[in-house]
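**Q**
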Amino acid sequence: MEIRTFAETDRAELRELFGRAGEGAPSASLWGHEESEAAIYLDPYMDLEPDSLFIAVVDGALVGYLTGCLDSSKFPSDSERVEKAVRKYRLVFRPGPAAFFARGMVDMVWAAVRREPTAGSIDDARWPAHLHINVEPRARGTGAADGLMKRWLDRLRETGSPGCHLQTLVENTRAVRFFERMGFAKHGPTPLVPGMRHDGKRLHQQTMVWSP
Numbered sequence: 000m001e002i003r004t005f006a007e008t009d010r011a012e013l014r015e016l017f018g019r020a021g022e023g024a025p026s027a028s029l030w031g032h033e034e035s036e037a038a039i040y041l042d043p044y045m046d047l048e049p050d051s052l053f054i055a056v057v058d059g060a061l062v063g064y065l066t067g068c069l070d071s072s073k074f075p076s077d078s079e080r081v082e083k084a085v086r087k088y089r090l091v092f093r094p095g096p097a098a099f100f101a102r103g104m105v106d107m108v109w110a111a112v113r114r115e116p117t118a119g120s121i122d123d124a125r126w127p128a129h130l131h132i133n134v135e136p137r138a139r140g141t142g143a144a145d146g147l148m149k150r151w152l153d154r155l156r157e158t159g160s161p162g163c164h165l166q167t168l169v170e171n172t173r174a175v176r177f178f179e180r181m182g183f184a185k186h187g188p189t190p191l192v193p194g195m196r197h198d199g200k201r202l203h204q205q206t207m208v209w210s211p
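Counting with our numbering, you get residues 0 to 211 for the letters of the sequence shown.
1. Is residue 58 near the ligand FMN, judged by its Cβ being under 7 Å from some heavy atom?
2. Between which two residues does the beta strand (DSSP E) holding residue 194 run?
3. Beta strand (DSSP E) containing residue 56: first to last residue?
4. At 3 residues or longer, and completely inside the stretch 43-109: list those beta strand (DSSP E) runs for me, N to C.
5. What residue range is occupied by the uninterrupted alpha helix (DSSP H) comprising residue 209?
6. Tell me the DSSP secondary structure of residue 169 in three-state form.
7. Does the stretch 80-100 come close enough to the stretch 51-71 that 3 or more CB-CB pairs lie under 8 Å?
8. From the DSSP output, read off the bridge partner residues of residue 6.
9. Taking just the CA atoms, how far does residue 122 sit from residue 161?
10. Considering only DSSP beta bridges, list what residue 185 is partnered with.
11. With a threshold of 16 other CB atoms inside 10 Å of the CB of residue 135, please say whether the residue is buried or exposed.
12. Where do the N-terminal and C-terminal ends of the beta strand (DSSP E) with residue 290 fall, by residue?
13. Rounded to the nearest angstrom, how far is the Cβ of residue 62 from that of residue 138, given a contact under 8 Å?
14. May I have the straight-line CA-CA distance separating residue 129 from residue 174, to the nearest angstrom?
15. Spell out a yes or no on whether the stretch 105-114 and the stretch 22-39 are touching, meaning 3 or more CB-CB pairs, one atom from each, closer than 8 Å.
16. Taking only the alpha-carbon atoms, compute the straight-line gap between residue 16 and residue 56 and give it to the nearest angstrom.
17. Run through DSSP, which three-state label would residue 39 get?
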């Protein structure tokens with residue numbers, strides 16, 4: 000197992016890995032259009048902060064990755080990246096994404112009627128860094144995820160970061176337990192994530208934070 004920093008020569012293989020990493024998890028896919036999802040959750044990190052992107056390699060093949068950002072305030076927000084992808088790929092005219100957005104609107108109305116919050120980003124100077132991590136199914140339990148997280152936490156300490164946050168799903172109990180083992184703690188409410196479903200059920204956002 001090798002954990003190393005992303006290199007430009009990894010781009011094509013990492014893009015392929017993006018399509019299969021996370022399979023089986025509640026957050027495996029947003030709306031079923033891989034290219035636009037990569038434009039939100041992978042491409043910006045390769046382009047804007049490659050020094051905070053780490054990959055796990057087994058027998059010469061990529062099996063996992065962690066995209067990190069040291070200062071979220073200097074990085075395009077989730078909403079900005081989503082809006083850009085929606086326009087670029089004309090997602091409202093594609094059946095899968097269109098259904099996702101329609102469900103999202105229904106969920107937002109449902110939450111508003113009940114005066115319940117919906118998922119959103121976190122903006123807190125105590126935890127300015129953030130991360131996303133994915134490991135393909137065959138590499139789970141091999142230490143790949145642990146290695147990626149340890150490399151990222153080392154980078155946070157080396158750069159003097161005051162803290163890091165991430166957002167996963169309440170229903171992804173395996174991920175929550177993993178992040179707790181890595182030193183993260185649950186933080187804040189667990190609002191509905193509009194549009195997302197797993198086995199036909201609504202999903203809820205779980206914010207977690209880490210401090211050195």
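Ideal Cβ placement from N, Cα and C applies to all residues, glycine included.
**A** Walking through what the data contain:
1. In the structure shown, the ligand FMN is absent, as is every other ligand, since no ligand is present at all.
2. As a working note, residue 194 is residue 195 in the sequence shown. Judged by DSSP secondary structure, residue 194 falls within the beta strand (DSSP E) whose first and last residues are 191-197.
3. As a position in the sequence shown, residue 56 is number 57, starting the count at 1. First-last of the beta strand (DSSP E) with residue 56: 52-57.
4. For the beta strand (DSSP E) assignment, the uninterrupted runs of no fewer than 3 residues enclosed by the stretch 43-109 are, from N- to C-terminal side, 52-57, 60-68.
5. On the sequence shown, position 210 is the one that residue 209 refers to. Counting along the chain, residue 209 falls outside any alpha helix (DSSP H), though it belongs to the beta strand (DSSP E) covering 200-209.
6. Taking the sequence shown and counting its residues from 1, one reaches residue 169 at position 170. If DSSP states are grouped into helix, strand and coil, residue 169 belongs with coil.
7. With the cut-off at 8 Å, the stretch 51-71 and the stretch 80-100 do not touch.
8. Residue 6 sits at position 7 when you count from the first residue of the sequence shown. Residue pairing by DSSP places residue 6 opposite no residue, since no beta bridge is assigned to it.
9. In the sequence shown, the residue the question calls residue 161 occupies position 162. In the sequence shown, the residue the question calls residue 122 occupies position 123. Cα to Cα, residue 161 sits roughly 14 Å from residue 122.
10. Sequence index remark: in the sequence shown, residue 185 carries index 186 (1-based). Residue 185 pairs with 207.
11. Position 136 of the sequence shown, counting from 1, holds the residue named residue 135. Within 10 angstroms of the beta-carbon of residue 135 lie 16 or more other beta-carbons, which makes it buried.
12. Nothing about residue 290 can be read from this structure; the chain reaches only from 0 to 211.
13. As a first step, residue 62 must be located in the sequence shown, where it is residue number 63. As a first step, residue 138 must be located in the sequence shown, where it is residue number 139. Their Cβ separation, rounded to whole angstroms, is 4 Å, which keeps residue 62 and residue 138 in contact under 8 Å.
14. For this step, residue 129 is matched to residue 130 along the sequence shown. For this step, residue 174 is matched to residue 175 along the sequence shown. Residue 129 and residue 174: Cα-Cα distance of roughly 16 Å.
15. When Cβ pairs closer than 8 Å are counted between the two stretches, the stretch 105-114 is seen not to touch the stretch 22-39, the count staying below three.
16. Reading the sequence shown from its first residue, position 17 is the one you call residue 16. Reading the sequence shown from its first residue, position 57 is the one you call residue 56. Near 11 Å, if we compare the C-alpha coordinates of residue 56 and residue 16.
17. By one-based count along the sequence shown, residue 39 stands at place 40. Three-state result, residue 39: helix.
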